[in-house]
Amino acid sequence: MENVRYMISDAANIVNVESHVLRYWEEELELAIPRNEMGHRYYTEENIAQFQKIKEWKEQGYQLKAIRMMIHSGQPAAGTGEFYGGQQAGELQTGGNNVIQMNRDYVETVPKPMMEKHSNPISNTVKLEQFQSMMLTIVKQAMEENNPALGKEVGVQVGDRVLKEMNYLMREQDEAEEERFRRLDEAIRATRKSKRFHREKKEKKEAEKRMGKEKKLSPNLTVTE
Numbered sequence: 009m010e011n012v013r014y015m016i017s018d019a020a021n022i023v024n025v026e027s028h029v030l031r032y033w034e035e036e037l038e039l040a041i042p043r044n045e046m047g048h049r050y051y052t053e054e055n056i057a058q059f060q061k062i063k064e065w066k067e068q069g070y071q072l073k074a075i076r077m078m079i080h081s082g083q084p085a086a087g088t089g090e091f092y093g094g095q096q097a098g099e100l101q102t103g104g105n106n107v108i109q110m111n112r113d114y115v116e117t118v119p120k121p122m123m124e125k126h127s128n129p130i131s132n133t134v135k136l137e138q139f140q141s142m143m144l145t146i147v148k149q150a151m152e153e154n155n156p157a158l159g160k161e162v163g164v165q166v167g168d169r170v171l172k173e174m175n176y177l178m179r180e181q182d183e184a185e186e187e188r189f190r191r192l193d194e195a196i197r198a199t200r201k202s203k204r205f206h207r208e209k210k211e212k213k214e215a216e217k218r219m220g221k222e223k224k225l226s227p228n229l230t231v232t233e
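Numbering (my numbering), first residue to last: 9 to 233.
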């Protein structure tokens, strides 16, 4: 059976929203909408069913951030025990409520109808369990997505610190080496100066000694008239 292709206006009429809403959801939720040979959007029955589910979630109070995570990570569909990808909600109830409490940024994804004005206690409990399971998986995915970025950031920070330490140590080593050569040069200069001083002193003494010997060997000249 050939899949029916709907134009965006037809799909919007079926979902009962404006066309720009579908385009907005497509962009914000990162939906894979097929295009024809001309590059124009077209929508299948599956796409329309997905938009209808998104609309349902929106009406139940879910924000797009939570809906995007539910779509791309198999989160439970609102009001049912099944996940978007077909998994059961109970499969991922493995604890971790403390993690949810620590991630207060995700409080904004709480669907308001779940938290207010429910007359059936059993229904409230089921929905609360579904919501807790969904939140746990959302937080897990967020942590998994953030860990590489955090690891990279920490790696960059550590790398920068190591480079700074290495530069500091190398600079200290260079300064120490420069100081050693400076002292060695001073010692060489002092040694040369001392040798020159002693050589000049010795040469002076030898010159004086030669002059003394020459005086003793020279006869006194007497002039007669």
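C-beta atoms are modelled at their ideal positions from N, C-alpha and C, and glycine is treated no differently.
ask   = Any idea if Ala20 is buried or exposed, counting beta-carbon neighbours within 10 angstroms, 16 or more meaning buried?
value = buried
message = I need the DSSP call for Arg49, collapsed to helix, strand or coil.
response = strand
key: Alpha-carbon spacing of Gln95 relative to Asn11, whole angstroms   = Any reading at Gln95 must be qualified, since the residue scores a pLDDT of 39, below 50, and its modelled position is unreliable; the value itself is stated next. Distance between the alpha carbons of Gln95 and Asn11 is about 26 Å.
task = Within 10 angstroms of the Cβ of Phe59, are there 16 or more other Cβ atoms? Answer buried if so, exposed if not.
result = Residue environment analysis places Phe59 among the buried positions, since at least 16 neighbouring C-beta atoms fall within 10 angstroms of its C-beta.
ask   = For Met123, does the three-state DSSP call read helix, strand or coil?
value = Any reading at Met123 is ruled out, since the residue's pLDDT is 45, under 50, leaving its predicted position unreliable.
Nearest to Glu34 (by Cα), restricted to the options Asn24, Tyr51, Met46 and Ile22 = For the residues Asn24, Tyr51, Met46 and Ile22, the minimum Cα distance to Glu34 belongs to Tyr51.
query = Are the beta-carbon atoms belonging to Asn55 and Pro42 less than 9 Å from one another?
reply = yes
ask   = Which residues bound the alpha helix (DSSP H) around Met7?
value = With the chain covering only 9 through 233, there is no way to say anything about residue 7.
inquiry  = Among Lys201, Arg13, Ala57 and Leu37, whose alpha-carbon lies nearest the alpha-carbon of Tyr70?
reply    = Leu37
request  = Can you give me the start and stop residues for the alpha helix (DSSP H) that Ala74 sits inside?
outcome  = Per DSSP, Ala74 belongs to the alpha helix (DSSP H) from Leu72 to Ser81.
task = From the DSSP output, read off the bridge partner residues of Arg43.
result = Arg49
Selection from Ile22, Arg13, Ala74 and Lys210 that minimises the alpha carbon distance to Glu242 = For residue 242 there is no data in the structure shown, the boundaries of the chain being 9 and 233.
Lys209 versus Glu180 - alpha carbon distance = 43 Å
ask   = Buried or exposed: which applies to Met77, given that a residue is buried once 16 or more other Cβ atoms fall within 10 Å of its Cβ?
value = buried
key: Selected residue, minimal CA-CA separation from Ile16, among His48, Glu211 and Lys212   = His48
ask   = Quick one: what does DSSP say Gly87 is sitting in, helix, strand or coil?
value = The predicted position of Gly87 is uncertain, since its pLDDT is 47 and thus under 50; no value can be drawn from it.
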